[in-house]
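Everything below concerns the one structure shown next.
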(Lines of atoms letter the chains of each structure in order from A; the text may use other names.)
(Lines give C-alpha, C1' and ligand atoms only; values in the text may rest on other atoms or scores of the structure.)
Protein backbone atom coordinates (compact mmCIF):
# COMPACT_ATOMS: atom_id res chain seq x y z
CA UNK A 80 0.00 0.00 0.00
CA UNK A 81 1.37 3.41 -1.00
CA UNK A 82 1.30 6.74 0.81
CA UNK A 83 -2.12 7.58 -0.65
CA UNK A 84 -3.50 4.35 0.84
CA UNK A 85 -2.09 5.20 4.27
CA UNK A 86 -3.60 8.68 4.11
CA UNK A 87 -7.01 7.31 3.03
CA UNK A 88 -7.12 4.58 5.67
CA UNK A 89 -8.53 6.74 8.55
CA UNK A 90 -11.57 7.74 6.49
CA UNK A 91 -12.18 4.46 4.65
CA UNK A 92 -15.39 2.57 5.26
CA UNK A 93 -13.47 -0.51 6.37
CA UNK A 94 -11.84 1.40 9.24
CA UNK A 95 -15.13 2.82 10.45
CA UNK A 96 -16.83 -0.58 10.23
CA UNK A 97 -14.07 -2.26 12.19
CA UNK A 98 -14.05 0.49 14.81
CA UNK A 99 -17.82 0.16 15.10
CA UNK A 100 -17.39 -3.59 15.55
CA UNK A 101 -15.01 -3.06 18.48
CA UNK A 102 -17.20 -0.40 20.11
CA UNK A 103 -20.34 -2.52 19.80
CA UNK A 104 -18.44 -5.56 21.03
CA UNK A 105 -18.10 -4.28 24.60
CA UNK A 106 -21.81 -4.06 25.56
CA UNK A 107 -22.62 -7.27 23.68
CA UNK A 108 -19.75 -9.12 25.29
CA UNK A 109 -20.79 -7.82 28.71
CA UNK A 110 -24.28 -9.21 28.05
CA UNK A 111 -22.95 -12.55 26.79
CA UNK A 112 -20.48 -13.01 29.61
CA UNK A 113 -22.81 -12.04 32.44
CA UNK A 114 -25.68 -14.23 31.25
CA UNK A 115 -23.38 -17.18 30.51
CA UNK A 116 -21.47 -17.08 33.80
CA UNK A 117 -24.70 -16.62 35.76
CA UNK A 118 -26.40 -19.48 33.92
CA UNK A 119 -23.45 -21.87 34.24
CA UNK A 120 -23.08 -21.08 37.93
CA UNK A 121 -26.79 -21.61 38.53
CA UNK A 122 -26.87 -24.83 36.52
CA UNK A 123 -23.79 -26.22 38.27
CA UNK A 124 -25.27 -25.39 41.65
CA UNK A 125 -28.53 -27.11 40.76
CA UNK A 126 -26.90 -30.29 39.47
CA UNK A 127 -27.60 -31.89 42.84
CA UNK A 128 -31.21 -31.73 41.71
CA UNK A 129 -32.72 -32.53 38.34
CA UNK A 130 -33.14 -28.82 37.54
CA UNK A 131 -29.42 -28.34 36.83
CA UNK A 132 -29.55 -30.31 33.56
CA UNK A 133 -32.24 -28.24 31.80
CA UNK A 134 -30.63 -25.02 33.07
CA UNK A 135 -27.24 -26.01 31.60
CA UNK A 136 -28.89 -27.13 28.36
CA UNK A 137 -30.70 -23.78 28.18
CA UNK A 138 -27.42 -21.91 28.68
CA UNK A 139 -25.81 -23.91 25.87
CA UNK A 140 -28.73 -23.16 23.54
CA UNK A 141 -28.54 -19.48 24.51
CA UNK A 142 -24.81 -19.36 23.73
CA UNK A 143 -25.44 -20.87 20.31
CA UNK A 144 -27.86 -17.99 19.77
CA UNK A 145 -25.12 -15.55 20.78
CA UNK A 146 -22.93 -17.26 18.21
CA UNK A 147 -25.42 -16.49 15.45
CA UNK A 148 -25.34 -12.81 16.41
CA UNK A 149 -21.53 -12.75 16.41
CA UNK A 150 -21.26 -14.50 13.06
CA UNK A 151 -23.71 -11.97 11.62
CA UNK A 152 -21.64 -9.10 13.09
CA UNK A 153 -18.42 -10.48 11.64
CA UNK A 154 -20.09 -11.02 8.29
CA UNK A 155 -21.63 -7.54 8.18
CA UNK A 156 -18.86 -5.39 9.69
CA UNK A 157 -15.64 -7.34 9.11
CA UNK A 158 -16.71 -8.88 5.78
CA UNK A 159 -15.69 -12.37 6.92
CA UNK A 160 -18.03 -15.28 6.22
CA UNK A 161 -17.88 -17.85 9.02
CA UNK A 162 -19.81 -21.02 8.27
CA UNK A 163 -22.50 -22.24 10.61
CA UNK A 164 -21.44 -25.08 12.92
CA UNK A 165 -23.05 -28.46 12.53
CA UNK A 166 -26.56 -28.53 14.02
CA UNK A 167 -27.11 -30.43 17.24
CA UNK A 168 -29.02 -33.61 16.42
CA UNK A 169 -30.55 -35.83 19.06
CA UNK A 170 -30.44 -39.58 18.54
CA UNK A 171 -34.04 -39.94 19.72
CA UNK A 172 -37.05 -37.62 19.76
CA UNK A 173 -38.01 -35.86 22.96
CA UNK A 174 -36.84 -33.10 25.28
CA UNK A 175 -34.47 -35.29 27.31
CA UNK A 176 -32.67 -36.49 24.17
CA UNK A 177 -32.37 -32.88 22.94
CA UNK A 178 -30.88 -31.75 26.26
CA UNK A 179 -28.45 -34.66 26.23
CA UNK A 180 -27.34 -33.82 22.69
CA UNK A 181 -26.71 -30.21 23.71
CA UNK A 182 -24.69 -31.23 26.77
CA UNK A 183 -22.55 -33.55 24.63
CA UNK A 184 -22.07 -31.05 21.80
CA UNK A 185 -18.50 -29.77 21.52
CA UNK A 186 -19.72 -26.90 19.35
CA UNK A 187 -22.11 -25.70 22.07
CA UNK A 188 -19.36 -25.72 24.70
CA UNK A 189 -17.08 -23.76 22.35
CA UNK A 190 -19.83 -21.13 22.19
CA UNK A 191 -19.83 -21.02 25.99
CA UNK A 192 -16.05 -20.60 26.00
CA UNK A 193 -16.32 -17.74 23.52
CA UNK A 194 -18.93 -15.95 25.62
CA UNK A 195 -16.63 -16.09 28.65
CA UNK A 196 -13.25 -15.48 27.00
CA UNK A 197 -14.37 -12.68 24.71
CA UNK A 198 -15.39 -10.31 27.51
CA UNK A 199 -11.88 -9.40 28.80
CA UNK A 200 -10.62 -9.15 25.22
CA UNK A 201 -13.54 -6.90 24.27
CA UNK A 202 -12.74 -4.56 27.20
CA UNK A 203 -9.09 -4.33 26.11
CA UNK A 204 -9.91 -3.84 22.43
CA UNK A 205 -12.58 -1.23 23.22
CA UNK A 206 -10.25 0.82 25.42
CA UNK A 207 -7.26 0.71 23.07
CA UNK A 208 -9.22 1.52 19.93
CA UNK A 209 -11.22 4.30 21.61
CA UNK A 210 -8.08 5.94 23.05
CA UNK A 211 -6.31 5.93 19.69
CA UNK A 212 -9.43 7.14 17.90
CA UNK A 213 -10.37 9.90 20.35
CA UNK A 214 -6.85 11.27 20.97
CA UNK A 215 -5.95 11.05 17.30
CA UNK A 216 -8.88 13.06 15.98
CA UNK A 217 -8.93 15.44 18.97
CA UNK A 218 -5.24 16.37 18.59
CA UNK A 219 -5.44 16.47 14.78
CA UNK A 220 -8.32 18.94 14.91
CA UNK A 221 -6.91 20.93 17.88
CA UNK A 222 -6.24 24.04 15.76
CA UNK A 223 -9.97 24.13 14.99
CA UNK A 224 -11.29 23.95 18.55
CA UNK A 225 -8.53 25.23 20.88
CA UNK A 226 -10.24 28.69 20.92
CA UNK A 227 -12.84 27.16 23.26
CA UNK A 228 -10.43 27.44 26.21
CA UNK A 229 -9.72 31.20 26.20
CA UNK A 230 -13.29 31.97 25.20
CA UNK A 231 -15.18 29.95 27.77
CA UNK A 232 -12.55 29.17 30.45
CA UNK A 233 -9.73 30.99 32.20
CA UNK A 234 -7.12 28.84 30.38
CA UNK A 235 -5.19 29.97 27.29
CA UNK A 236 -5.30 26.46 25.83
CA UNK A 237 -5.37 22.76 26.61
CA UNK A 238 -3.53 22.15 29.89
CA UNK A 239 -0.91 19.43 29.47
CA UNK A 240 0.26 19.24 33.10
CA UNK A 241 0.30 21.30 36.31
CA UNK A 242 2.21 21.41 39.57
CA UNK A 243 2.43 23.85 42.46
CA UNK A 244 4.74 26.26 40.67
CA UNK A 245 4.05 25.82 36.96
CA UNK A 246 1.31 24.98 34.48
CA UNK A 247 1.90 24.08 30.84
CA UNK A 248 -0.71 24.96 28.22
CA UNK A 249 -0.77 24.17 24.51
CA UNK A 250 -1.41 27.70 23.29
CA UNK A 251 1.50 28.92 21.16
CA UNK A 252 1.49 28.38 17.37
CA UNK A 253 4.39 25.94 17.59
CA UNK A 254 2.70 23.91 20.34
CA UNK A 255 -0.56 23.87 18.41
CA UNK A 256 1.23 22.66 15.28
CA UNK A 257 3.11 19.98 17.26
CA UNK A 258 -0.19 18.82 18.81
CA UNK A 259 -1.74 18.64 15.35
CA UNK A 260 1.19 16.53 14.06
CA UNK A 261 0.91 14.21 17.06
CA UNK A 262 -2.78 13.77 16.35
CA UNK A 263 -1.96 13.05 12.71
CA UNK A 264 0.37 10.27 13.81
CA UNK A 265 -2.27 8.79 16.12
CA UNK A 266 -4.94 9.09 13.40
CA UNK A 267 -2.79 7.39 10.76
CA UNK A 268 -1.87 4.61 13.19
CA UNK A 269 -5.46 4.02 14.34
CA UNK A 270 -6.64 1.98 11.29
CA UNK A 271 -3.73 -0.46 11.68
CA UNK A 272 -4.28 -0.79 15.42
CA UNK A 273 -7.98 -1.42 14.80
CA UNK A 274 -7.21 -4.01 12.11
CA UNK A 275 -4.81 -5.81 14.41
CA UNK A 276 -7.45 -5.94 17.15
CA UNK A 277 -10.18 -7.17 14.80
CA UNK A 278 -7.83 -9.84 13.47
CA UNK A 279 -7.93 -11.43 16.90
CA UNK A 280 -11.74 -11.29 16.80
CA UNK A 281 -11.74 -12.98 13.40
CA UNK A 282 -9.59 -15.79 14.77
CA UNK A 283 -11.76 -16.20 17.88
CA UNK A 284 -15.00 -16.31 15.91
CA UNK A 285 -13.65 -18.72 13.29
CA UNK A 286 -12.07 -21.03 15.88
CA UNK A 287 -14.86 -21.10 18.48
CA UNK A 288 -18.06 -20.22 16.62
CA UNK A 289 -17.46 -21.90 13.27
CA UNK A 290 -17.52 -25.58 12.34
CA UNK A 291 -14.84 -27.79 13.84
CA UNK A 292 -12.23 -29.68 11.84
CA UNK A 293 -14.37 -32.78 12.27
CA UNK A 294 -17.37 -30.94 10.80
CA UNK A 295 -15.22 -29.83 7.87
CA UNK A 296 -14.06 -33.40 7.35
CA UNK A 297 -17.61 -34.76 7.45
CA UNK A 298 -18.72 -32.15 4.89
CA UNK A 299 -15.75 -32.98 2.69
CA UNK A 300 -16.44 -36.70 2.89
CA UNK A 301 -20.11 -36.15 2.05
CA UNK A 302 -19.07 -34.13 -1.00
CA UNK A 303 -16.51 -36.76 -2.00
CA UNK A 304 -19.10 -39.50 -1.61
CA UNK A 305 -21.36 -37.62 -4.00
CA UNK A 306 -18.53 -37.37 -6.53
CA UNK A 307 -17.80 -41.10 -6.21
CA UNK A 308 -21.47 -41.98 -6.69
CA UNK A 309 -21.73 -39.69 -9.72
CA UNK A 310 -18.56 -41.15 -11.24
CA UNK A 311 -19.78 -44.70 -10.65
CA UNK A 312 -23.11 -43.87 -12.28
CA UNK A 313 -21.32 -42.30 -15.24
CA UNK A 314 -19.13 -45.40 -15.62
CA UNK A 315 -22.17 -47.65 -15.55
CA UNK A 316 -23.87 -45.54 -18.21
CA UNK A 317 -20.71 -45.66 -20.34
CA UNK A 318 -20.47 -49.45 -20.01
CA UNK A 319 -24.16 -49.82 -20.84
CA UNK A 320 -23.81 -47.54 -23.86
CA UNK A 321 -20.69 -49.36 -25.09
CA UNK A 322 -22.42 -52.73 -24.74
CA UNK A 323 -25.61 -51.52 -26.41
CA UNK A 324 -23.97 -49.66 -29.29
CA UNK A 325 -21.00 -51.98 -29.73
CA UNK A 326 -20.84 -55.64 -28.84
CA UNK A 327 -24.59 -56.10 -28.33
CA UNK A 328 -25.51 -54.57 -31.69
CA UNK A 329 -22.79 -56.60 -33.39
CA UNK A 330 -23.99 -59.83 -31.78
CA UNK A 331 -27.58 -59.11 -32.83
CA UNK A 332 -26.43 -58.61 -36.41
CA UNK A 333 -24.34 -61.77 -36.11
CA UNK A 334 -27.37 -63.80 -34.98
CA UNK A 335 -29.37 -62.50 -37.94
CA UNK A 336 -26.54 -63.35 -40.37
CA UNK A 337 -26.22 -66.88 -38.94
CA UNK A 338 -29.99 -67.32 -39.26
CA UNK A 339 -29.82 -66.33 -42.91
CA UNK A 340 -26.82 -68.63 -43.45
CA UNK A 341 -28.78 -71.49 -41.89
CA UNK A 342 -31.61 -70.88 -44.32
CA UNK A 343 -29.18 -70.75 -47.27
CA UNK A 344 -27.27 -73.85 -46.20
CA UNK A 345 -29.47 -76.34 -48.04
CA UNK A 346 -30.14 -74.45 -51.28
CA UNK A 347 -26.88 -72.43 -51.65
CA UNK A 348 -24.03 -73.92 -49.58
CA UNK A 349 -21.43 -71.60 -51.12
CA UNK A 350 -23.31 -68.44 -50.14
CA UNK A 351 -23.98 -69.92 -46.70
CA UNK A 352 -20.27 -70.67 -46.24
CA UNK A 353 -19.41 -67.09 -47.23
CA UNK A 354 -21.95 -65.75 -44.72
CA UNK A 355 -20.58 -68.01 -42.00
CA UNK A 356 -17.08 -66.77 -42.80
CA UNK A 357 -18.26 -63.17 -42.50
CA UNK A 358 -19.99 -64.05 -39.22
CA UNK A 359 -16.73 -65.54 -37.98
CA UNK A 360 -15.02 -62.23 -38.62
CA UNK A 361 -17.80 -60.40 -36.79
CA UNK A 362 -17.32 -62.76 -33.82
CA UNK A 363 -13.64 -61.82 -33.66
CA UNK A 364 -14.48 -58.12 -33.74
CA UNK A 365 -17.14 -58.57 -31.04
CA UNK A 366 -14.67 -60.50 -28.87
CA UNK A 367 -12.11 -57.73 -29.26
CA UNK A 368 -14.69 -55.12 -28.29
CA UNK A 369 -15.62 -57.16 -25.22
CA UNK A 370 -11.94 -57.50 -24.30
CA UNK A 371 -11.46 -53.75 -24.65
CA UNK A 372 -14.56 -53.14 -22.55
CA UNK A 373 -13.37 -55.58 -19.87
CA UNK A 374 -9.96 -53.93 -19.91
CA UNK A 375 -11.64 -50.58 -19.38
CA UNK A 376 -13.52 -51.92 -16.36
CA UNK A 377 -10.56 -53.65 -14.71
CA UNK A 378 -7.79 -55.24 -16.77
CA UNK A 379 -6.80 -58.80 -15.91
CA UNK A 380 -3.10 -57.97 -16.25
CA UNK A 381 -3.45 -55.42 -13.42
CA UNK A 382 -4.95 -58.05 -11.11
CA UNK A 383 -2.45 -60.75 -12.06
CA UNK A 384 0.84 -58.86 -12.46
CA UNK A 385 0.44 -55.41 -10.93
CA UNK A 386 0.99 -51.83 -12.03
CA UNK A 387 4.30 -52.30 -13.85
CA UNK A 388 2.95 -54.81 -16.35
CA UNK A 389 -0.45 -53.08 -16.66
CA UNK A 390 1.06 -49.65 -17.35
CA UNK A 391 3.52 -51.15 -19.83
CA UNK A 392 0.52 -52.64 -21.65
CA UNK A 393 -1.21 -49.24 -21.73
CA UNK A 394 1.99 -47.55 -22.91
CA UNK A 395 2.33 -50.04 -25.78
CA UNK A 396 -1.05 -48.90 -27.12
CA UNK A 397 -0.15 -45.18 -26.94
CA UNK A 398 0.38 -43.31 -30.21
CA UNK A 399 3.88 -42.16 -29.12
CA UNK A 400 6.78 -44.07 -27.54
CA UNK A 401 6.38 -44.13 -23.75
CA UNK A 402 9.04 -44.91 -21.13
CA UNK A 403 7.55 -46.60 -18.04
CA UNK A 404 9.35 -46.76 -14.68
CA UNK A 405 7.56 -48.24 -11.68
CA UNK A 406 9.51 -48.31 -8.41
CA UNK A 407 7.30 -49.70 -5.66
CA UNK A 408 8.46 -51.81 -2.70
CA UNK A 409 5.14 -53.67 -2.70
CA UNK A 410 1.79 -53.61 -4.40
CA UNK A 411 -0.70 -51.04 -3.08
CA UNK A 412 -4.30 -51.84 -2.24
CA UNK A 413 -6.43 -52.92 -5.19
CA UNK A 414 -8.53 -49.74 -5.10
CA UNK A 415 -5.44 -47.49 -5.14
CA UNK A 416 -3.86 -49.62 -7.85
CA UNK A 417 -6.99 -49.36 -9.99
CA UNK A 418 -7.19 -45.56 -9.62
CA UNK A 419 -3.49 -45.24 -10.51
CA UNK A 420 -3.97 -47.41 -13.59
CA UNK A 421 -6.96 -45.47 -14.90
CA UNK A 422 -5.23 -42.13 -14.15
CA UNK A 423 -2.23 -43.08 -16.29
CA UNK A 424 -4.51 -44.57 -18.95
CA UNK A 425 -6.51 -41.33 -19.20
CA UNK A 426 -3.38 -39.18 -19.31
CA UNK A 427 -1.76 -41.30 -22.04
CA UNK A 428 -5.00 -41.15 -24.00
CA UNK A 429 -4.88 -37.35 -23.75
CA UNK A 430 -1.30 -37.41 -25.02
CA UNK A 431 -2.28 -39.54 -28.00
CA UNK A 432 -5.21 -37.28 -28.93
CA UNK A 433 -4.18 -33.75 -28.02
CA UNK A 434 -0.52 -33.28 -27.06
CA UNK A 435 1.21 -33.56 -30.45
CA UNK A 436 4.14 -35.12 -28.58
CA UNK A 437 7.03 -37.21 -29.89
CA UNK A 438 7.79 -39.04 -26.63
CA UNK A 439 6.27 -39.48 -23.18
CA UNK A 440 7.32 -40.91 -19.82
CA UNK A 441 5.47 -42.49 -16.89
CA UNK A 442 7.08 -42.66 -13.44
CA UNK A 443 5.44 -44.27 -10.42
CA UNK A 444 6.97 -44.36 -6.96
CA UNK A 445 6.13 -44.26 -3.27
CA UNK A 446 7.05 -41.38 -0.96
CA UNK A 447 6.08 -41.90 2.67
CA UNK A 448 2.36 -42.44 2.85
CA UNK A 449 1.68 -41.32 -0.75
CA UNK A 450 1.74 -43.00 -4.13
CA UNK A 451 3.11 -40.56 -6.70
CA UNK A 452 2.48 -40.73 -10.44
CA UNK A 453 4.11 -38.44 -12.98
CA UNK A 454 3.24 -38.45 -16.67
CA UNK A 455 5.28 -36.13 -18.89
CA UNK A 456 5.40 -35.43 -22.62
CA UNK A 457 7.26 -33.08 -24.98
CA UNK A 458 4.15 -31.87 -26.77
CA UNK A 459 2.67 -28.44 -27.37
CA UNK A 460 1.63 -27.81 -23.73
CA UNK A 461 -1.15 -25.46 -22.72
CA UNK A 462 -3.21 -28.11 -20.92
CA UNK A 463 -5.35 -27.04 -17.98
CA UNK A 464 -7.63 -28.92 -15.61
CA UNK A 465 -9.81 -25.81 -15.32
CA UNK A 466 -10.30 -25.62 -19.05
CA UNK A 467 -12.04 -28.96 -19.39
CA UNK A 468 -15.66 -29.65 -18.73
CA UNK A 469 -16.64 -30.89 -15.29
CA UNK A 470 -16.36 -34.65 -15.05
CA UNK A 471 -14.29 -34.97 -18.24
CA UNK A 472 -10.59 -34.96 -19.10
CA UNK A 473 -8.24 -33.43 -16.55
CA UNK A 474 -11.18 -31.90 -14.66
CA UNK A 475 -12.73 -35.35 -14.30
CA UNK A 476 -9.41 -36.80 -13.09
CA UNK A 477 -9.12 -34.00 -10.53
CA UNK A 478 -12.60 -34.80 -9.17
CA UNK A 479 -11.88 -38.53 -9.00
CA UNK A 480 -8.59 -38.07 -7.18
CA UNK A 481 -10.04 -35.50 -4.81
CA UNK A 482 -12.76 -38.00 -3.87
CA UNK A 483 -10.08 -40.32 -2.42
CA UNK A 484 -7.94 -37.55 -0.84
CA UNK A 485 -5.72 -37.42 -3.91
CA UNK A 486 -4.19 -34.43 -5.69
CA UNK A 487 -3.64 -33.66 -9.38
CA UNK A 488 -1.14 -30.94 -10.39
CA UNK A 489 -0.77 -29.86 -14.03
CA UNK A 490 2.36 -28.02 -15.24
CA UNK A 491 1.85 -27.22 -18.91
CA UNK A 492 3.43 -24.02 -20.24
CA UNK A 493 2.55 -23.25 -23.85
CA UNK A 494 5.09 -24.88 -26.15
CA UNK A 495 6.96 -26.44 -23.24
CA UNK A 496 5.38 -29.86 -22.87
CA UNK A 497 3.11 -31.09 -20.12
CA UNK A 498 3.90 -32.70 -16.77
CA UNK A 499 1.01 -34.03 -14.73
CA UNK A 500 1.71 -35.21 -11.18
CA UNK A 501 -0.87 -37.19 -9.25
CA UNK A 502 -0.76 -38.15 -5.57
CA UNK A 503 -2.80 -40.89 -3.96
CA UNK A 504 -2.90 -42.06 -0.35
CA UNK A 505 -0.88 -45.26 0.02
CA UNK A 506 -2.71 -48.25 1.39
CA UNK A 507 -1.08 -51.67 1.43
CA UNK A 508 -2.85 -54.86 0.52
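Numbering (the numbering used here), first residue to last: 80 to 508.
By construction, the Cβ of each residue, glycine as well, lies at the ideal position given by its N, Cα and C atoms.
Note that the structure is a prediction, hence the values are computed from the model and not measured.
Excluding its 5 nearest sequence neighbours in each direction, residue 222 has C-beta neighbours in its own chain below 6 Å: 255, 259, listed in chain order. Rounded to the nearest angstrom, the gap between the Cα atoms of residue 350 and residue 366 is 24 Å. Between the alpha carbons of residue 332 and residue 355 lies a distance of about 12 Å. 135 is the residue among 389, 135, 505 whose C-alpha sits nearest the C-alpha of residue 179. Bounds of any beta strand (DSSP E) do not take in residue 428; it lies within the alpha helix (DSSP H) bounded by 413-429.
The segment 430-443 makes contact with the segment 378-398; the number of CB pairs closer than 8 Å reaches 3 or more.
Between residue 122 and residue 131, the CB-CB gap stays under 8 Å. One alpha carbon belongs to residue 491, the other to residue 453, and they sit about 13 Å apart.
In this structure, residue 402 sits away from residue 385, with a CB-CB distance that is not shorter than 8 Å. Of the candidates 203, 443, 98, 443 places its Cα closest to the Cα of residue 418. Annotation for residue 167: 180, 181, 184 place their beta carbon closer than 6 Å to its own, counting only its chain and skipping 5 residues before and after. For residue 208, the number of other beta carbons within 10 angstroms of its own is at least 16, and it is reported as buried. Collapsing the DSSP output to three states places residue 501 in a strand. Per DSSP, residue 260 is one residue of the alpha helix (DSSP H) stretching across 252-283.
With fewer than three CB-CB distances shorter than 8 Å, the segment 196-215 does not count as touching the segment 223-235.
For the set 393, 424, 387, the Cα lying nearest the Cα of residue 406 is the one of 387. For residue 177 and residue 474, the gap between their C-alpha atoms comes out near 43 Å.
Here the segment 152-171 makes no contact with the segment 193-208; the two share fewer than three CB pairs at distances below 8 Å. Burial state of residue 478 is buried, judged by a 10 Å Cβ sphere holding 16 or more other Cβ atoms. Checking the DSSP bridge columns, you'll see residue 249 partnered with 237. A direct Cα-Cα distance of roughly 36 Å separates residue 480 from residue 151. Under DSSP, residue 444 forms a beta bridge with 406, 451.
Under the three-state reduction of DSSP, residue 157 is assigned to coil, being neither helix nor strand.
Around the C-beta of residue 275, fewer than 16 other C-beta atoms lie within 10 Å, and the residue is accordingly described as exposed.
In the DSSP annotation of this structure, the continuous segment of the alpha helix (DSSP H) that includes residue 219 starts and ends at 185-219. In this structure residue 504 is in contact with residue 483, their Cβ atoms being roughly 7 Å apart against a cut-off of 8 Å.
Residue 363 has its alpha-carbon roughly 11 Å from the corresponding atom of residue 330. When DSSP states are grouped into helix, strand and coil, residue 439 belongs to the strand group. For residue 387, the enclosing alpha helix (DSSP H) begins and ends at 386-395. Within a 10 Å sphere around the beta-carbon of residue 286 sit fewer than 16 other beta-carbons, which makes this residue exposed.
According to the DSSP assignment, residue 488 belongs to the beta strand (DSSP E) that extends over 486-490.
Counting along the chain, no alpha helix (DSSP H) covers residue 232, and no H or E run does either. For residue 95, the enclosing alpha helix (DSSP H) starts and ends at 92-124. For residue 83, the enclosing alpha helix (DSSP H) begins and ends at 82-87.
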